[in-house]
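What follows is one structure encoded as structure tokens, with my remarks underneath.
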Amino acid sequence: MLAGVQATATPRRRDEMRLHAVLASALPLAHAPVAQAIAAWETVYELANACADSAFRERALAALIVCCGEAGDTRRAAELQARYNRIARTGNARNGGAPS
Numbered sequence: 001m002l003a004g005v006q007a008t009a010t011p012r013r014r015d016e017m018r019l020h021a022v023l024a025s026a027l028p029l030a031h032a033p034v035a036q037a038i039a040a041w042e043t044v045y046e047l048a049n050a051c052a053d054s055a056f057r058e059r060a061l062a063a064l065i066v067c068c069g070e071a072g073d074t075r076r077a078a079e080l081q082a083r084y085n086r087i088a089r090t091g092n093a094r095n096g097g098a099p100s
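Those letters in the sequence shown? Residues 1 to 100, by UniProt numbering.
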């Protein structure tokens, strides 16, 4: 029984992650406060980590960097940029590419 629950949990989490990504992408078009976009992208990032989805993790981080910059939180944007760079370097190393 537990195996069946775990097997369906990941696809549901992935669907939830995708849904939050669509929502987060649409918020600026609706002129929502940047704090809402940040919260939505943080949710995407957390779900991407739970799903081990590198593409969505990087997408969420990139969006968070932009949103934090727009909100004037340059310190957090720089911290997120450093995290993004670490992830990108790790991905390049795994794929046989030269680190940047």
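Glycine included, each C-beta is placed from N, C-alpha and C at the ideal position.
Check                                                                                                          : Outcome
7 Å Cβ shell around Q81 - same chain, five flanking residues per side excluded                                 : I65
Straight-line gap, G91 to A52 (C-alpha atoms, nearest Å)                                                       : 13 Å
In chain order, each alpha helix (DSSP H) run of at least 4 residues that lies wholly inside the stretch 26-93 : 34-51 and 54-70
Rounded straight-line distance, which links the Cα of R12 to that of G69                                       : 31 Å
Whole-angstrom distance between L27 and E16, CA atom to CA atom                                                : 16 Å
Cutoff 6 Å; reference A88; Cβ partners in own chain excluding five residues on either side                     : none
Contact check, W41 vs A63, beta carbons under 7 Å                                                              : yes
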